[in-house]
Amino acid sequence: MKRIVMAALVAVSMVALADGEPEFRLVIENHKFSPERVEVPAGKKVKLVIENRDSTPEEFESKQLNREKVIPGRSTGIVFVGPLKPGEYKFVGEFNEKTAKGVIVAK
Amino acid sequence: MFGTALIVFREVLEAALIIGIVAAATRDVPGRSRYIWAGLGFGILGSIIVALMAEGISAMAQGMGQEIFNATVLGLAVVMLAWHNIWMSAHGRELAANAKAMGGAVRSGAKAMSALAIVIALAVLREGAETVLFLSGIALSGESSPAKMAIGGIAGLAGGAAIGFLLFAGLLRIPLKWFFSATSALVLLLAAGMASQAARFLIQADVLPSLASPLWDMSSIVANESAIGTLLKGLVGYDAAPAGMQVAFFVAVLVAILVGMTWVRRGEKAA
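These protein sequence lines map, in sequence, to chains A and B.
So for the first sequence, our numbering puts the first residue at 1; every next one is plus one.
So for the second sequence, our numbering puts the first residue at 1; every next one is plus one.
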C-alpha cells in the first residue's frame, strides 16, 4: 500500500513538473529592474523569480496585476501571475518608484 | 519627502478606512474608544515586530511565507468581522435604542468590541509592517535626511487618517433609522473583500488555482490604480480583473455571514 501511495506521489509530482509554468527572472540592482521589459506568453500562468541584489528591501508591486510582494535585501522572491490577457502590465518597486519600473508584456 | 508621504499615505489608507467603519459601527457600544486605541496600539507594536521578522517570514513555506502570513491575517479579520456582524444583528438594535440602560449588553458589547479591536490590530499590523520596512529602507540608504523622512511620514499618516475620519464622520450623519443597516452592510462587504484579498495572496503563492483568470476585466471603467479603485479596494477588496477564485471567496463569505445574521435574528424573534 505504501509503495502504491509513493508511486502515485512520484507520478503526481512528475506531472506537476512536466506541467511547470514558464519561468522569468528579474534582477533588482541599484533600485532598478533588469530587464525592464519582460515578454510572457498570454493565457498561461507564469512564474516570476525576482532577485533583489540591493541591501535594502523592495516591494514588487503591480496595481494592474494586483500583485504585491516585499523582497528583503539580498534575497529572491517568487510571484505567480496570470493567466493574462494579451496586453501590457506595468510594475514598480514601490519603495523606489522613481527608478524601479518595468512592464510585463503578455503575447 | 513627497514620495515618503505618498507611500505612507497609501499604506495607512486601508487601515484608516477599516478603523473609520469600525468606529462608526460601534458608536453606541459603551467604552468603545478604549478598545479602538488598544487595537491601534497592538497593531503598531505588531507591525514593528513583523517588520523585524520580515526576512524570516519571507523565507518560510518555500519563500511563500509572506503570502501565507497575509492570507492568515486577512482570514482572522474576516472571522472577527463575521462574528461581530452576526452578534450585532441580534443585539445591535437594542443597543442603539437604549445604550445606557442595559447592564448586560455592556458586558457582551465588550466581547464584540474585543473582536473588532483585533480587526483593527490586524489591519494596522498588515499595512504598518510594510511602512516600517519602507521607512527603515530609506533610513539605511541614507538618501533622505531623518527630518525630511519624519515630515513625509507624518504628512502621509495625517492624510490617511483624515480620509478614515471623513468616512467615520460621514457615516455618523446617516439617520439612525438606516444607520444600523448601513454600517452592517459596510462591515459585511469589508469582510467579503478581505476574503477575496486572502484568495489573491494564495493564488499569487500558487497555493490555490485562479480558476478563471481574469473572470472579467473592468479596467477601462474603474482601474485598480485610479483613486476610486484604490478606495474601493480598501472598502470591498475591489479588483478590476479578478480571478474566479477571488470572486468565489467573496461570494462565499458574503452568503455565510448573511445566513448567520438571518439565523440569529430569527432565533431572537422566536425567543
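Don't be surprised by glycine CBs; every beta carbon is placed ideally from N, CA and C.
Keep in mind that this is a model prediction, so the values were computed, not measured.
| Query | Result |
| --- | --- |
| Chain A contacts from the stretch 122-149 of chain B (Cβ-Cβ distance under 7 angstroms) | Glu130, Leu133, Phe134, Gly137, Leu140 and Ser141 |
| Cβ-based neighbour list, Gly164(B), same chain, cut-off 7 angstroms, excluding 5 preceding and 5 following | Ala16, Leu17, Ile19 and Gly20 |
| Neighbourhood of Leu166(B) by C-beta distance below 8 angstroms, restricted to the same chain and skipping five residues each side | Gly20 |
| Exposure label - Leu208(B); buried when at least 16 CB within 10 Å | buried |
| Selection from Glu61(A), Arg25(A) and Lys32(A) that minimises the alpha carbon distance to Val38(A) | Arg25(A) |
| 8 angstroms Cβ cutoff, Thr99(A) in contact with chain B | no |
| Inter-residue spacing [alpha-carbon to alpha-carbon] between Asn52(A) and Glu59(A) | 10 angstroms |
| Chain A contacts made by the stretch 21-33 of chain B, where a contact means CB separation under 7 angstroms | none |
| Under 7 angstroms (Cβ pairs) to chain A, residues found in the stretch 220-233 of chain B | Asn224 and Glu225 |
| Neighbour flag for Ser196(B) against chain A, beta carbons, 8 angstroms | no |
| Within 8 angstroms, strictly: CB atoms of Ile48(B) and Ile257(B) | no |
| Where Phe91(A) sits in the DSSP three-state scheme | strand |
| Residue environment, Gly20(A), which counts as buried when at least 16 other CB atoms sit within 10 Å | exposed |
| Helix, strand or coil at Ser75(A) according to DSSP, with G and I counted as helix | strand |
| Interface residues of chain A facing Ile7(B) [CB-CB closer than 7 angstroms] | Glu94 |
| Residues that DSSP places opposite Leu26(A) in a beta bridge | Ile50(A) |
| DSSP three-state assignment for Glu21(A), whether helix, strand or coil | coil |
| Spatial distance of Gly159(B) from Ser144(B) (CA atoms) | 21 angstroms |
| Residue environment, Glu130(B), which counts as buried when at least 16 other CB atoms sit within 10 Å | buried |
| Ile18(B) at chain A interface by Cβ criterion, 8 angstroms | no |
| Nearest-angstrom Cα separation, counted from Glu29(A) out to Thr183(B) | 47 angstroms |
| Chain B contact for Asn108(A) (CB, 8 angstroms cutoff) | This structure does not reach residue 108(A), given that chain A is present from 1 up to 107, and the question cannot be answered. |
| Closer than 7 angstroms: Gln197(B) CB and nearest the ligand MN heavy atom | As far as ligands go, the structure on display features none, and thus does not contain the ligand MN. |
| Same chain, Cβ closer than 8 angstroms to Val247(B), neighbours up to 5 away in sequence not counted | Ser196 and Leu215 |
| Simplified DSSP state of Glu59(A), which is helix, strand or coil | strand |
| Contacting residues, own chain, Cβ-Cβ under 6 angstroms from Lys101(A) (five flanking each side not counted) | Val92 |
| Simplified DSSP state of Val255(B), which is helix, strand or coil | helix |
| Sufficient close CB pairs (3 or more, under 8 angstroms) joining the stretch 228-245 of chain B to the stretch 173-192 of chain B | yes |
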